[in-house]
Every structure is written in structure tokens, then in C-alpha cells.
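In order, the protein sequence lines correspond to chains D and S. Numbered according to my numbering, the first sequence spans residues 1 to 234. Numbered according to my numbering, the second sequence spans residues 1001 to 1425.
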Amino acid sequence: MNAILLRGVKKRYPPREPGLAPQELLSGVDLEVKRGEFMAVEGQSGSGKSTLLHLLGGLDREFEGEAQVLGCDLRALSDAELAALRHTQIGFIFQSFNLLPALTALENVLLPDYFGSGVPDAERRAMEALDRVGLADKAKAKPAALSGGERQRVAIARALVARPPLLLADEPTGNLDARTGEGVIALFKELHADGMTLLIVTHEARVSHAATRVLILREGRLGPEDAQHSMETL
Amino acid sequence: MRTGKLVRLARGNVVRELPALAVSAGGVALGIGCLVFFLALGAGLKRVVNDVFPVSTREVEVVVPSLAIGNILGEQKLDETIVEKLRKIRGVSAAYPKMQLRIPAVTRYNGLFFGREIHMGLEIVGVGLMPELVGTDAHAPFEDAGEGKPVPVVVNRRLLELYNKVFAPQRGLPTLTDTMLIGFQIPVELGRSYVAGKTLPNATEGSLLLVGFSDRATLAGVSLPLAAVRRINARFGADAETYSSVLLRAQSADDVSNIAAAVKRMGLEIDETERSRALQIGAAVELVTLALSLLAALITGLAAINTMQAFYASVRERTREIGVLRAVGATRGDVAAIVLAEAAVTGLAGGVVGVVLARIAAVLLDRLARTGLPDFPFKPESFFHFRVTHIAVGVAVALAAALLGAFLPARAAARLDPAKALTES
Ligand SMILES: Nc1ncnc2c1ncn2[C@@H]1O[C@H](COP(=O)(O)OP(=O)(O)O)[C@@H](O)[C@H]1O
Ligand SMILES: [Mg+2]
Chain D
1 MNAILLRGVK KRYPPREPGL APQELLSGVD LEVKRGEFMA VEGQSGSGKS TLLHLLGGLD
61 REFEGEAQVL GCDLRALSDA ELAALRHTQI GFIFQSFNLL PALTALENVL LPDYFGSGVP
121 DAERRAMEAL DRVGLADKAK AKPAALSGGE RQRVAIARAL VARPPLLLAD EPTGNLDART
181 GEGVIALFKE LHADGMTLLI VTHEARVSHA ATRVLILREG RLGPEDAQHS METL
Chain S
1001 MRTGKLVRLA RGNVVRELPA LAVSAGGVAL GIGCLVFFLA LGAGLKRVVN DVFPVSTREV
1061 EVVVPSLAIG NILGEQKLDE TIVEKLRKIR GVSAAYPKMQ LRIPAVTRYN GLFFGREIHM
1121 GLEIVGVGLM PELVGTDAHA PFEDAGEGKP VPVVVNRRLL ELYNKVFAPQ RGLPTLTDTM
1181 LIGFQIPVEL GRSYVAGKTL PNATEGSLLL VGFSDRATLA GVSLPLAAVR RINARFGADA
1241 ETYSSVLLRA QSADDVSNIA AAVKRMGLEI DETERSRALQ IGAAVELVTL ALSLLAALIT
1301 GLAAINTMQA FYASVRERTR EIGVLRAVGA TRGDVAAIVL AEAAVTGLAG GVVGVVLARI
1361 AAVLLDRLAR TGLPDFPFKP ESFFHFRVTH IAVGVAVALA AALLGAFLPA RAAARLDPAK
1421 ALTES
């Protein structure tokens, strides 16, 4: 069964200046991700990777075409249903971590517990998630006291706390140095081994190497990797 | 989203945004402080007015209309038959006739008066009341003991207040309390007058025994048992049948207007002098309270606008954070609820601080009045009367102002497009 199914997805933004044609960022994206797959999506900066990911994560409903995530037709869901989908089914990881600076690491991981019907046994699961990313000893630390790699691992713990079957990540290693990036990639491999579906947007070859399949977002469409256009040659 | 979690999340945010929100809460506190202060002042002044002019909403005083005296329809007289008719009016629970002492009387007092030698002569004006009306205000039987015995009297409490605050200080006389005075006996001469030519031929000597102070007693003179007045009037050949007024007590305040109408139909009138004076002053106090409360409401309104600006700024600043909350499962409603909960915390804090400020201001003002103002009749212990409802209204208005102010920012926060919010730099 598919975790993700996109058919002819188009996304337009209004023109930058009045009089110009609207920008079509996605112009008919087709995508099928099987459950348990580890998919990497590459693409140049500005190619629409974040836009695609927001759309898949139920954060952007203004698009054309057909989009199914874990069997749910995204365009048919209400605001509350979409929120529930994000809450229980999807873990989201950002390039810039997006931790709440006023909260401790543990409190940041507990954030999903505030919404929907909460997270069962939240405290224990949050500690488990922190332990899993190797930060159990930093539970009480505020983000400002953590390194970039640690912050991203807290963000990953937050994405995992509700045990969603699908993880979406937007350039998760983009702000990390090579060594800390490796740690995050190793964690993704583990999650994949546990049966999680991962879709990681990246323009780093080392991330793509860890994936089971790599697609390129180019000129508004997703296509297979080919030597000519591979990021490695750029 | 459960309330407990919502409050926890909001509380954290409020603590973080404290400097900005403290200004909003301070504005609310100022407005609510003024509001509660003025409401309590209004209630306090009303209480003073009620002390000076105690009026019952259940009682009316029936008199013969001044125009009807000697009127062509024949003189309307308040006699026993009329009193019986008044008693039968629907809604009347009791009727208490009163009779004026219709002969002159004087007191002459030469001797020690609480440690001072005084010489005093006064014309006495007296009204006869039914003992039931005075009730427990009398500390000895308020009944006519018969010819030759001291006649018990009760005096209006307000007269004692006037004596203590105005009369005594001017003449260097001692300040008196009711317990000091009860049991005091003064000699009287019935039928005698200091006004030349008014003295009756068979004037007799007697005495009055002060048995208590009562709001029921007349303000003009002393109040005697009705039977004593009837006896004395009869003894001097004056009218001992007609009453000067009848106090009607209604079963409830709602019956009063019906009773008044029935009284008018009988060709009688209701004496409104005390009541209308009290009502006028009460209305004036209420009007001023209302005006000042509106001023306070205006301040609170400005505080609401300030709150709105603070929350717009806070929402703008937290755009990205709101995107994150949406990404981890918050609905639009959750986001609005978080902003409104923060506003509620701000408003409640402002309201509570405002109430406390009002109380402090009242205590300071009362202290100032106690030491700075000269003693005057009916000078109250406190010019304020804080009712639970004032405090409830204050806190509720504070809450409402903050929620109203945060309404548009909360809606704006809820309407943020999460994808856009997350790409905000
Ligand atoms: N809300 C928006 N309104 C208009 N244009 C937008 C908006 N969001 C993104 N874009 C455009 O989309 C492009 C970037 O898309 P994005 O998905 O962030 O690319 P990537 O993540 O691959 O760098 C930019 O060119 C930007 O101008
Ligand atoms: Mg991007």
C-alpha cells in the first residue's frame, strides 16, 4: 500500500509583480512512495522542495491535483482532520529545527501532547524519544544551550514522540556540519530499519546515498535521478 | 486540546511575553481599579444617604392632603374607621396610626447634665406612636403608665447624631452615647408654653423618661406612646380621635404602588417628603457613580485597544512558532484558543490588581477623611462599600476587555497559513 500518492499536483504562486504571469512552482508532480520506503528528493534551491513537503504534510491545501497521504485524500479533509493527521500520522523535521526557545528540550518534545487528544503516556515516550536521539541527559536544557546537531536531534525526537508512521524532513542536515550530519543520517537509517516511511528533501548527496530511492525535483516535476542532472555534477 | 494543557501553554507564553503584556495588564488594572473604586464609592455614599434618610421600600405614610382640609367635600379625617379601611387595602400587612400632641408642653432643666451645670428650657413637640412600631428600640416598656407616672419617650437616632456633631461641640457640652442617655428623666409641664398667651389654664407637671433611640421616632421632637398622647390630648380637651398620619406597611415592595393608588382613591395622600429627598439624593449619587463608571469603562476600553496592539505584535513575532504548532497537530481553533487564553491570563491579572488597587485607594482615602476632615453628622467610618458583586464585575469586565482586545489578533493567528508561517524569516 502507498504511503504517499500524488497525481498531477500543481502549485502556483501569484506573480511577483502585477502584470507578470503567475509562477508555477509545481507543474504536475506524480509520486508514489510505498510504506516503509526511505525516499530522498533532491533539487536545486528554489525548485519547490519545501513547497512540496508542506503540501504532503497537510500544511498547504491550496494546490491542484490529487494527493493521498496514508490513504487520506488531503483535499477532502477538514481543518480538524488535517490537524489530526499531522498530529498522529506525520512527523515533520525542518532545516532550521524550529524549536520553541522558551521551552526545555523535553518540553519541546512534549509539544504534540498539547494538541488533539494528546500523546498517551507522553512524559515516558518523550524521554524515550530523547534517549533514542542520544539526548536523555539534555532534557532540561533550553535550545540556546544546545549545539546545532543537538537541536536537530531534539526536533527529531519531537517528530517521533507521537510515533507517526511517516516522517517528512526538509533539508534536515542543511544547517549541520559534516560530522553531526552523519549522526542524523544514521538515525534515519535506524528509523527506516524499524519500518518507518521517510521522505527526506535534501541537496546533499550523503543523505541520498542512505535512501532506498532518489528523485529529482526539476522544472516543477519529479523525475528519476540521471547522471546528467545529478546534483553531484553541479 | 484540553483546558489544563491550554492554560499551561498560555501561562508559559505569558511569562515569556511579560514586559509587553504587563503594560496591557497595567492598563486593564487602571481601568478596573477606577471602575471598582467608583462602584464601591457609589455604594458607600448610598449607604450614608440611607443612614441619613432611612426609607423603607415597603412603607408609606398616609396623610390628609393639605388641599382637602376644609374642602367643599367635607373635611377628610384620619379616624379609626379610615384606619380600618386602610388596613383592608390589598397588600397592606399593617397600619400604624400616629397622633400629634395637640397641646403645648415645655421642659425646664436646671442642674447637672453629665457633669455640667446647665439651665435649659425647651418647647416640646410630641408624636404618639404605637409601641409595636418602636419594638425593641425601647429598652424599657414603651407604654402609657397613666396619669402622674413618667411618660416613656423614644428619640430619633439622627437627633442624637446632630446633638453630638453640631450642638454639643458648639456649646462645649459632652458627647453622649445612647446607653448614657437611656433612663434619663426630664421634668415637663403639660399645657404650658413659653410663647405668650398659649398656656392652658389647667397645666400640670410631669416627667418624660427616655427609654430608647429609634429610626421610627419623629425627627421633630420626641415620640410618646400613642395611648399617652390620646390621654393627654383628651385631658386638655383637644382632639383625641383624629390621627395626624398613618404608616402603612406593605406585604412586599411590589404592593406599594397599588396601595398608593388605593390611598389616593380614598381622598388621602402619601407623604413623600422624606422618601423623595432620599430618592433624589440617591439618584444623584447613582448618576455620578454612573458617569464615573463610564469614565472607568472608557479607560478599560483604551486598555482593550492596547491589549489588541500588544497581541497583534505578539502574534506577528510568533508567526513561525504558530506554524510549528500547526505542524505538530494544532488546529486553527487551538491557535486562537492559545492567544485567547493568554489574553485571559493578562485580563485576570489586570482585574485582580485593579481590585487590589481600588481597595488600597479606598483605605488611604478613608484614612485621609478620618484625620483630615472635621467631624460632621453622619460622618461614616468608610465612604466605600465593596460588595462581592463589585469585585466580580471588576474581574469579569477585565476578562471581557482582554478577550475582546485579543479577539482580532487571535483570529489573525488562527488564519495564518501554516506553510507561509513556517517560511517566514
Ligand atoms: N508564499 C509564497 N508566495 C510566493 N512565492 C513563494 C511563496 N513561497 C515560496 N514561494 C516561491 O517558491 C520558491 C521557493 O520554493 P521552495 O519550496 O521554498 O523551494 P526550495 O525549498 O526547493 O528551496 C521561491 O522562488 C519563492 O519565490
Ligand atoms: Mg526549502
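We put the beta carbon where it would ideally sit given N, CA and C, even for glycine.
Shortest gap from the CB of S47 of chain D to any heavy atom of ligand 1: under 6 angstroms. Taking every protein chain shown into account, the CB of S50 of chain D has 16 or more other CB atoms within 10 angstroms, so this residue is buried. In the three-state scheme derived from DSSP, where H, G and I count as helix and E and B as strand, P1131 of chain S is classed as helix.
Inside the stretch 1063–1122 of chain S, DSSP marks whole alpha helix (DSSP H) runs of 4 or more residues at positions 1080–1088, from first to last along the chain. M1099 of chain S and Y1194 of chain S do not touch by the CB rule: their CB atoms are close to 23 angstroms apart, not below 8 angstroms. Taking 3 residues as the shortest admissible run, the stretch 169–221 of chain D contains the following complete beta strand (DSSP E) segments, listed from N- to C-terminal end: 197–201 and 213–218. Neighbourhood of K1005 of chain S in chain D, by CB distance below 8 angstroms: D113, Y114 and G118, in chain order. Listed along chain S, the residues sitting closer than 8 angstroms to R86 of chain D by beta-carbon distance are R1326, A1327, V1328 and G1329.
Runs of the alpha helix (DSSP H) lying entirely within the stretch 1258–1325 of chain S and spanning at least 4 residues, in chain order: 1273–1317.
Using a CB distance cut-off of 7 angstroms, D121 of chain D does not count as an interface residue toward chain S. Between F1378 of chain S and the set S:L1348, S:G1282 and S:N1164, the nearest pair of CA atoms involves S:N1164. If the five residues before and after G1027 of chain S are omitted, its C-beta is found closer than 6 angstroms to the C-beta atoms of A1303 and N1306, all from its own chain and listed in chain order. Chain order gives the chain D residues near D1334 of chain S as F115, where near means a beta carbon separation below 7 angstroms.
Between the stretch 1122–1134 of chain S and the stretch 1261–1280 of chain S, the count of Cβ pairs shorter than 8 angstroms is below three; the stretches do not touch.
Not one heavy atom of ligand 2 is found less than 6 angstroms from the C-beta of S96 of chain D.
Across the structure, F1383 of chain S and L1173 of chain S are spaced so that their CA atoms are roughly 28 angstroms apart. At a threshold of 6 angstroms, S50 of chain D counts as near ligand 2, since its beta carbon sits closer than that to one of the ligand's heavy atoms.
Taking a cut-off of 8 angstroms for Cβ pairs, the stretch 1202–1213 of chain S and the stretch 1146–1155 of chain S touch, as three or more such pairs fall below it.
Put simply, of D:G134, D:A21 and D:E17 the residue whose alpha carbon is nearest the alpha carbon of G183 of chain D is D:G134. Secondary structure at R1415 of chain S: helix, using DSSP grouped into helix, strand and coil. Counting along the chain, V1028 of chain S sits inside the alpha helix (DSSP H) bounded by residues L1018 to V1052.
Taking 7 angstroms as the threshold, the shortest C-beta distance from L1009 of chain S to chain D falls below it. Within its own chain, the residues whose Cβ lies closer than 8 angstroms to the Cβ of S1245 of chain S, once the five positions on either side in sequence are excluded, are E1061, V1062, V1063, L1078, P1097, K1098 and D1271, listed in chain order.
Taking the Cβ of L55 of chain D as the reference point, every heavy atom of ligand 1 lies at 6 angstroms or farther away. Residues of chain S with a Cβ closer than 8 angstroms to the Cβ of R158 of chain D are, in chain order, V1328. Distance check between G28 of chain D and each of D:L53, D:F63 and D:L59 places D:F63 closest, using alpha-carbon atoms only. Straight through space, the alpha carbons of R1235 of chain S and P1104 of chain S are spaced by roughly 13 angstroms.
Within a 10 Å sphere around the beta-carbon of R1171 of chain S sit fewer than 16 other beta-carbons, which makes this residue exposed. Chain-order list of chain D residues neighbouring A1412 of chain S: empty, with the shortest C-beta distance near 16 angstroms, by a criterion of under 7 angstroms.
Taking 8 angstroms as the upper bound for CB-CB distance, G1354 of chain S and A1029 of chain S are in contact here, some 4 angstroms apart. When Cβ-Cβ separations below 7 angstroms define contact, H54 of chain D makes contact with chain S. According to the DSSP assignment, K10 of chain D belongs to the beta strand (DSSP E) that extends over N2 to Y13.
Across the set S:E1117, S:M1180, S:T1177 and S:V1188, the C-alpha of S:V1188 shows the shortest separation from the C-alpha of G1148 of chain S. When the five nearest sequence neighbours on each side are left out, the beta carbons in the same chain lying within less than 8 angstroms of the beta carbon of V1324 of chain S are those of L1422, in order along the chain. Inter-residue distance for A84 of chain D and I1299 of chain S is about 42 angstroms (C-alpha atoms, whole angstroms). The alpha carbon of L1045 of chain S has as its nearest neighbour, out of S:A1392, S:T1331 and S:A1278, the alpha carbon of S:A1278.
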